[in-house]
Structure formats: structure tokens, C-alpha cells
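**Student:** For reference, the structure I am asking about is given below.
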Amino acid sequence: MYEGVVQDLIDELGRLPGVGPKSAQRIAFYLLQADPADVRRLVEVLTTVKEKVRFCATCGNVSEEELCRICRDPRRDTTMICVVEESKDVIAIEKTREFRGTYHVLGGAISPIEGIGPDNLRIRELMTRLANVEIKELILATDPNLEGEATATYLARLVKGMGFTVSRLASGLPVGGDLEYADEVTLGRAFEGRRSLEY
Amino acid sequence: MYLSSLALKDFRSYEELALNLDPGVTVFIGSNGFGKTNIIEAIGYLTTLSSHRVSTDAPLVRIGTESAYLKGVVENLGRSTTIELEINPSRANRGRINQNAQRSTREIIGHIRSVLFAPEDLALVKGDPNERRKFLDILLVLRNPRYASTLSDYERVLKQRNALLKSAAGMRRVDVSALSTLEVWDQQLVAIGSELILARMQLVSALMEPVARNYKHLAEGHEISLVYQSTIWQNPQNSKQVELAEVAAGFRIALDGVRKREFERGITLAGPHRDDLLLSLRTHPLKGYASQGESWSYALALKLASYDLLRSDGVEPILILDDVFSELDTTRRDRLSDLISKNEQILITAAVPEDLPAELDGRRVAISRDGDSSSAGGVL
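Going down the list, the protein sequences come from chains E and G.
First residue of the first sequence? That's 28 in my numbering, and the numbers climb one at a time after it.
First residue of the second sequence? That's 7 in my numbering, and the numbers climb one at a time after it.
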């Protein structure tokens with residue numbers, strides 16, 4: 028145990044995700060030795076981030092204004108909504124430059140163990156959106172694990188019969204990979220989702 | 007297949023142990039509490055990624071250290087494979103095959119195939135259903151490693167569904183929003199669970215013949231039968247006539263039937279996690295009817311049958327006998343050694359040499375003091 032405020036700093040840092048006690052200690056001592064100006068800048072960013080950043084009123088993505096950059100963009104196709112778990116998933120899909128529609132960030136996935144049910148996710152907001160805007164396709168891009176799968180199934184049932192296409196991202200082989208290195212589950216999924224080639 | 011070397015570091019009582027092993031019979035001799043079973047447990051762990059004695063990893067790591075390290079080199083058809091495993095109770099375990107780090111330790115399953123006979127086997131016959139489910143599941147995964155992920159997925163869905171039921175049970179008025187997601191978990195429970203039930207049913211029907219044959223050898227006759235009894239059906243079904251879709255349909259109906267009670271109790275009441283393997287002798291259920299000797303013969307027959315199945319898949323597994331001869335009468339001892347003596351590699355532990363049948367004469371390794379690596383491995 029360190030004295031007073033040093034230990035407080037280590038404890039606070041240790042509460043961050045992905046930071047264990049050893050890393051917390053290392054970061055704390057780095058900060059103790061760092062240039063005061065650097066530390067002040069970090070403090071400022073931390074304060075502003077809490078003050079300025081909020082969540083987009085439409086899609087729930089992180090934003091500095093009422094609407095996020097994507098929802099403000101008039102070139103985006105609002106008839107297509109891609110549902111993701113977290114804001115970082117939006118960034119991941121944006122990097123592909125494949126998708127020109129808009130997003131909806133749920134803020135997690137259904138997981139009773141963690142006490143997360145549909146009411147704790149931004150599902151009501153999604154339903155309002157679907158009722159008010161003309162929609163052609165809803166893409167369910169939740170994580171390909173049990174909880175993400177459950178969330179996607181739940182949503183698909185919820186919007187059934189609303190008159191638009193509901194799709195789920197494909198899971199399967201990584202591009203540029205070798206077939207022999209794929210695990211059985213992935214390869215099995217890729218087999219299920221195979222498509223015909225036509226020339 | 008045979009294990010040509012085994013190295014342990016901070017595993018159980020061993021700070022460090024290096025053993026070179028040969029094909030044929032090897033007997034580890036030492037008094038109780040000297041660490042013979044720890045060696046056996048290590049080989050078992052490299053085979054199934056679980057211990058036959060404890061359900062958590064923490065007791066496997068030597069007191070005062072953070073992780074244990076196991077390394078086994080196995081020889082099969084002229085090829086040698088090195089399997090390494092680091093057991094970390096506080097974080098994910100790590101595995102390597104021929105020096106290559108693996109994404110998941112599950113990849114290791116199937117490289118070392120062994121069948122362990124231990125005094126704990128009696129629980130297969132006399133213990134709770136979970137002992138028999140574990141027996142089936144371990145064999146299932148060894149024969150087809152794909153089922154490792156089916157099993158862990160099922161466990162995860164079950165946990166999620168139970169958490170949901172429990173939260174609903176705690177409320178005076180059932181929460182509509184929580185309930186609306188139950189159907190989603192039912193769907194996954196049925197999809198994954200049905201696969202597991204069908205696989206276990208097929209395994210049980212494959213075990214039938216070798217269990218009967220081995221029981222006959224050990225105990226002179228008597229009709230035996232094995233039936234997979236699932237909680238999803240009133241009457242046992244014949245696996246040869248059942249298809250996945252039927253299992254799923256049966257599972258659905260069973261869930262509907264227990265729904266009300268599930269809400270009262272907050273747990274999932276039907277599914278492979280509550281199934282059992284019914285063992286019977288002369289049309290009597292074994293539990294409560296069989297003598298100690300008959301129970302032992304049955305437990306051994308189950309293990310010998312699993313060995314036969316693994317061998318029929320193309321690889322002769324390593325046979326490990328942990329202090330079992332002392333549990334058996336002379337007739338059963340002789341018959342067991344008769345059944346196994348021609349195997350490629352047999353590893354045996356015994357407190358005293360007198361416990362062993364005469365024909366199992368092999369290399370003797372003395373285990374003399376708990377955790378003392380210099381004396382373990384000495385050849386008599």
C-alpha cells in the first residue's frame with residue numbers, strides 16, 4: 028500500500044476496464060513523473076469529454092451535438108438501419124466504407140446474468156424510429172456470440188411483419204485466411220451460409 | 007499411442023518433475039500421499055482439460071505459485087507431438103502444440119488420448135447422474151472435439167436462462183419485458199441442447215455392445231443394458247430412429263410442460279443438464295440392487311468400453327490405472343489385466359507391488375517423497 032493520494036490514484040486507475048493492479052501502478056508512477064503540462068492536458072480532456080460528449084438523440088452513437096455526424100449527413104440513406112451493440116462497432120463498420128445507411132446503437136446485448144434485458148437497451152427508441160421513418164432494410168449486426176445472437180433473434184421477432192427486410196451479418200471464413208486453420212464452428216457456419224456462384 | 011515424456015512444474019506437490027516413459031507397462035510405486043496420483047492427474051488433464059479429482063483449477067497449482075506448467079510428448083504412428091499447457095487459476099489457461107501457441111486450449115483435446123481407471127470410477131455406478139453425464143461428455147469430446155464448444159455454449163445459455171427465470175421468480179408480478187426474451191433463450195437452449203442429447207444418445211448406443219462384452223469378461227454373463235434417459239421424454243427413445251428435428255420438438259414440448267414450475271423455482275427443469283444414463287443388470291436398475299463386486303465390474307466395463315470406442319476410431323489410447331487393483335478381488339484383477347495387458351502403453355500406480363497381478367510386470371518407478379523431484383523418476 029502506498030500513502031494516501033498515490034494509492035487513491037492507483038485504485039481509481041485500477042477501476043478502468045482492462046487495467047489490472049500492476050498496470051494501474053505503472054500508469055500512476057508514469058503520471059507522477061510526467062511533465063505537469065501533460066497531466067493538465069489529460070485532466071482537461073477528461074473533463075471536457077464528460078461535459079461535451081453526449082449520445083446522439085436518434086441513433087445513440089457518441090456525439091458532440093444533438094445529432095451525431097452520421098445522422099446529420101444528408102447523403103446517408105435513412106431507409107437502411109444497421110443495429111449494433113456499441114459505438115465502437117459503428118467505427119468498425121464505417122472503416123469498411125461499405126455501408127451508406129444509418130446506425131442504431133443498442134448500448135449492449137441482452138444478458139440476464141448481468142441483469143440486462145430489452146428495457147435496458149435502446150430498443151424502444153429503435154421501435155419509435157422504425158414506426159416514424161420509411162425503412163427498407165434493418166441489418167442486425169450484433170456480435171456473433173450467444174448474447175448477440177439472442178438480441179438479434181429478439182429484435183427479428185419484434186419487428187416481424189413490419190414490411191421491411193431484416194438481415195443478419197454473415198459469419199464465416201476470414202478473408203485471406205486458410206480453410207484448414209478455421210475452427211469447426213466457424214467453418215460449419217460458413218458451410219450453412221454458402222451461396223451459389225452464377226456466371 | 008504412447009507418452010514418451012512428461013514434465014511438470016509447480017503442479018500439485020511437484021515443484022519440478024521430468025519423466026521419460028516407454029511403451030509397455032510402467033508401474034509407479036510409492037506410499038499414499040507421495041504424489042503418484044498427481045502424475046496420473048496431469049496426464050488426464052492433458053487429455054481432457056479437466057481433473058478427475060477436482061472441478062476447479064486452483065488446487066492443481068502448487069501452493070505459493072501462480073501457475074502450473076505441464077508438458078507431454080506423445081508418439082503416434084512414428085510421429086511425435088509436444089503438448090504444453092499452462093494452468094492459470096486467475097486468468098485464461100494457455101496451450102501450445104509443437105511450440106505453436108493455440109488460440110484456445112480446446113485445440114489440445116484429441117492429441118493425447120488416454121483412458122483413466124481410478125477408485126473414483128465407482129461413482130459412475132453409485133454416484134449422482136452428473137457423474138454419468140460427465141463420463142459421456144468427456145468421451146464425446148475426446149471422440150469429436152467439436153462438442154467441446156457445444157458443451158460450453160449450452161452451459162452459457164443455461165446460465166443466462168436461469169438468471170432470467172430467477173429474476174422473474176423474484177418478482178411478485180412477472181415482468182413482461184423479461185418474459186419476452188425467454189422465448190429467445192428457449193430457442194438457443196433447444197437448438198444447442200438437442201444436438202447434445204442426440205450426440206449422447208448415439209454414443210450410448212455405440213457403447214452398448216462393448217459394455218456388454220467387457221462385463222461378460224469381467225463377471226461371467228448377466229444381461230446388462232444402457233439407456234439414455236432424457237428429461238425431455240417420458241419414455242426413452244431409440245437413437246437409431248430419432249432425428250435432430252424430433253429431439254428439438256420433444257425438447258420444446260418438455261419446456262412448455264415445466265414452464266410454470268420453472269418460474270416458481272427459477273431454474274431450467276428440462277434438458278441434457280438433467281438427463282441420466284440408466285444402467286441395469288438382469289433388468290434391475292443397478293443402483294440399490296448390485297453388489298459391490300458387480301458395481302465395480304460395471305464401472306470397469308464402462309471404462310473398457312470407452313477405451314474400445316476410442317481404439318476403434320483409429321488410435322490406441324494410453325491406459326492409466328490409478329490404484330484400482332487394490333479395490334478388486336483376485337478374479338476381477340486377473341481378468342482386467344488379461345483384457346488390457348496387450349495395450350501399447352499402460353501406466354499403473356500402486357502403493358505396494360503386491361497389489362499388482364503377476365503378468366503386469368514392467369518397468370518400476372519409485373515415487374519416494376512428496377514433491378521431491380530428485381527421487382521421483384528413479385528406476386528400481
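Glycine included, every Cβ here is placed at the ideal spot set by N, Cα and C.
Computed from a predicted structure; not experimentally measured.
(1) Going along chain E in order, which residues have a C-beta closer than 7 Å to the C-beta of residue 170 of chain G?
(2) On the three-state DSSP scale, how would you describe residue 179 of chain E?
(3) Going by DSSP, which residues form a beta bridge with residue 89 of chain G?
(4) For residue 79 of chain E, which residues from the same chain have a beta carbon less than 7 Å from its beta carbon, with the 5 sequence-adjacent residues on both sides left out?
(5) Helix, strand or coil: which one does DSSP assign to residue 290 of chain G?
(6) With DSSP as the reference, label residue 354 of chain G as helix, strand or coil.
(7) Classify residue 229 of chain E: buried if its beta carbon has 16 or more other beta carbons within 10 angstroms, exposed otherwise.
(8) Taking a cut of 8 Å between CB atoms, which residues from the stretch 156-172 of chain E lie near chain G?
(9) Could you say which of G:232, G:345, G:257 and G:341 lies nearest to residue 289 of chain G if we only look at CA atoms?
(10) Do the stretch 116-133 of chain G and the stretch 71-88 of chain G meet, that is, are 3 or more Cβ pairs less than 8 Å apart?
(11) Less than 8 Å between CB atoms is the rule here; does residue 129 of chain E satisfy it with respect to chain G?
(12) Identify which residue in G:202, G:267 and G:68 has its Cα closest to the Cα of residue 236 of chain G.
(13) Mind listing which residues of the stretch 292-308 of chain G have their C-beta closer than 8 Å to chain E's C-betas, in chain order?
(14) Does any CB atom of chain E fall closer than 8 Å to the CB of residue 200 of chain G?
(15) Which chain G residues sit within Cβ distance under 9 Å of residue 177 of chain E?
(16) Out of G:279, G:49, G:88 and G:17, state which residue places its alpha-carbon closest to the alpha-carbon of residue 70 of chain G.
(17) Less than 8 Å between CB atoms is the rule here; does residue 85 of chain E satisfy it with respect to chain A?
(18) With respect to the beta strand (DSSP E) encompassing residue 194 of chain E, which residues constitute its N-terminal and C-terminal limits?
(19) Residue 75 of chain E to residue 209 of chain E, Cα distance in whole Å?
(20) For the beta strand (DSSP E) containing residue 109 of chain E, list its first residue and its last residue.
(21) Are there three or more Cβ pairs, one per stretch, closer than 8 Å when the stretch 130-143 of chain E is compared with the stretch 165-185 of chain E?
(22) What residue ranges within the stretch 323-372 of chain G form continuous beta strand (DSSP E) runs of no fewer than 3 residues, ordered along the chain?
(23) If we ignore side chains and look at the alpha-carbon of each, how far apart do residue 14 of chain G and residue 215 of chain E end up?
(24) Under 7 Å Cβ-Cβ, which residues of chain E neighbour residue 392 of chain G?
(25) Go ahead and pull the three-state DSSP assignment for residue 136 of chain G.
(26) DSSP on residue 118 of chain E, reduced to helix/strand/coil?
(27) Alpha carbons only, please: which of G:371, G:36, G:37 and G:12 is nearest the one belonging to residue 25 of chain G?
(28) On the three-state DSSP scale, how would you describe residue 380 of chain G?
(29) Note down, in chain order, every chain E residue with its Cβ under 7 Å from the Cβ of residue 152 of chain G.
(30) What distance in whole Å lies between the Cβ atoms of residue 41 of chain G and residue 368 of chain G, which are believed to be in contact at a cut-off of 8 Å?
(31) Give me the Cα-Cα distance between residue 50 of chain G and residue 202 of chain E, rounded to the nearest whole angstrom.
(32) How big is the Cα-Cα spacing for residue 380 of chain G and residue 39 of chain G?
(33) According to DSSP, simplified to helix, strand and coil, what is residue 43 of chain E?
(34) Using the Cβ count rule (16 or more neighbours within 10 Å means buried), how would you classify residue 47 of chain G?
(35) Per DSSP, which residues does residue 231 of chain G bridge with? Please list them.
(36) So, are the CB atoms of residue 45 of chain G and residue 372 of chain G less than 8 Å apart?
**Tutor:** Reading from the atomic positions:
(1) In the second sequence, the residue the question calls residue 170 of chain G occupies position 164. Chain E residues near residue 170 of chain G: 139.
(2) Taking the first sequence and counting its residues from 1, one reaches residue 179 of chain E at position 152. It is helical.
(3) Translated into positions along the second sequence, residue 89 of chain G becomes position 83. Beta-bridge pairing links residue 89 of chain G to G:78 and G:103.
(4) Position 52 of the first sequence holds residue 79 of chain E. Cβ neighbours of residue 79 of chain E beyond the five flanking positions: 91.
(5) Working through the second sequence from its first residue, we reach residue 290 of chain G at position 284. It is a strand residue.
(6) Counting from 1 along the second sequence, the entry for residue 354 of chain G is found at position 348. Residue state, collapsed to three classes: strand.
(7) Nothing in the structure corresponds to residue 229 of chain E, since chain E is present only between 28 and 226.
(8) none
(9) The residue given as residue 289 of chain G occupies position 283 in the second sequence. The residue with the shortest Cα to Cα distance from residue 289 of chain G is G:232.
(10) yes
(11) Here residue 129 of chain E refers to the residue found at position 102 when the first sequence is read from its first residue. Closer than 8 Å: no.
(12) Working through the second sequence from its first residue, we reach residue 236 of chain G at position 230. Among G:202, G:267 and G:68, the Cα nearest to that of residue 236 of chain G belongs to G:202.
(13) none
(14) Numbered from 1 along the second sequence, position 194 holds the residue referred to as residue 200 of chain G. Judged by the 8 Å Cβ criterion, residue 200 of chain G is not in contact with chain E.
(15) As a working note, residue 177 of chain E is residue 150 in the first sequence. Under the 9 Å cutoff, chain G gives 163, 166, 187, 190, 191, 193 and 194.
(16) Within the second sequence, residue 70 of chain G is the residue found at index 64, counting from 1. Checked all of G:279, G:49, G:88 and G:17; the closest Cα to residue 70 of chain G is G:17.
(17) This model lacks chain A altogether; the protein chains it does include are E and G.
(18) Working through the first sequence from its first residue, we reach residue 194 of chain E at position 167. 192-195 is the span of the beta strand (DSSP E), which, as asked, contains residue 194 of chain E.
(19) For the purposes of this step, residue 75 of chain E is taken as the residue at position 48 of the first sequence. For the purposes of this step, residue 209 of chain E is taken as the residue at position 182 of the first sequence. Approximately 44 Å between the Cα atoms of the pair.
(20) Within the first sequence, the letter at position 82 stands for residue 109 of chain E. 104-111 is the extent of the beta strand (DSSP E) around residue 109 of chain E.
(21) The answer is yes - the stretch 165-185 of chain E touches the stretch 130-143 of chain E, with three or more Cβ pairs under 8 Å.
(22) 324-328, 351-356 and 369-372
(23) Reading the second sequence from its first residue, position 8 is the one you call residue 14 of chain G. Reading the first sequence from its first residue, position 188 is the one you call residue 215 of chain E. So the alpha carbons of these two residues sit roughly 36 Å apart.
(24) Only positions 7 to 386 of chain G appear in this structure, which leaves residue 392 of chain G out of reach.
(25) Taking the first residue of the second sequence as 1, we reach residue 136 of chain G at position 130. Three-state result, residue 136 of chain G: helix.
(26) To locate residue 118 of chain E, count along the first sequence from 1; it is residue 91. Looking at residue 118 of chain E - three-state DSSP - the assignment turns out to be helix.
(27) One-based indexing of the second sequence puts residue 25 of chain G at position 19. For residue 25 of chain G, the nearest C-alpha among the options comes from G:12.
(28) Against the second sequence, residue 380 of chain G aligns to sequence position 374. Bear in mind that a pLDDT of 39 at residue 380 of chain G, under 50, signals an unreliable position, so the number given afterwards is only what the model happens to contain. In this structure, residue 380 of chain G counts as coil in the three-state DSSP scheme.
(29) For the purposes of this step, residue 152 of chain G is taken as the residue at position 146 of the second sequence. In chain order: 211.
(30) As a working mapping, residue 368 of chain G is identified with position 362 in the second sequence. As a working mapping, residue 41 of chain G is identified with position 35 in the second sequence. That belief does not hold up - the Cβ atoms of residue 368 of chain G and residue 41 of chain G are roughly 20 Å apart, past 8 Å.
(31) Residue numbering aside, residue 50 of chain G sits at position 44 when the second sequence is read from its first letter. Residue numbering aside, residue 202 of chain E sits at position 175 when the first sequence is read from its first letter. Their Cα atoms are separated by approximately 37 Å.
(32) For the purposes of this step, residue 380 of chain G is taken as residue 374 along the second sequence, with counting starting at 1. For the purposes of this step, residue 39 of chain G is taken as residue 33 along the second sequence, with counting starting at 1. Its pLDDT being 39, under 50, residue 380 of chain G is placed unreliably by the model, and the measurement read from it follows with that caveat. Cα to Cα, the separation comes out at about 17 Å.
(33) Here residue 43 of chain E refers to the residue found at position 16 when the first sequence is read from its first residue. Note: residue 43 of chain E maps to coil in three-state DSSP.
(34) Numbered from its first residue, the second sequence carries residue 47 of chain G at position 41. That one is buried.
(35) Locating residue 231 of chain G in the second sequence gives position 225, counting from the first residue. Paired residues: G:286.
(36) The residue labelled residue 45 of chain G in the question sits at position 39 within the second sequence. The residue labelled residue 372 of chain G in the question sits at position 366 within the second sequence. Cβ distance not < 8 Å, so residue 45 of chain G and residue 372 of chain G don't count as in contact.
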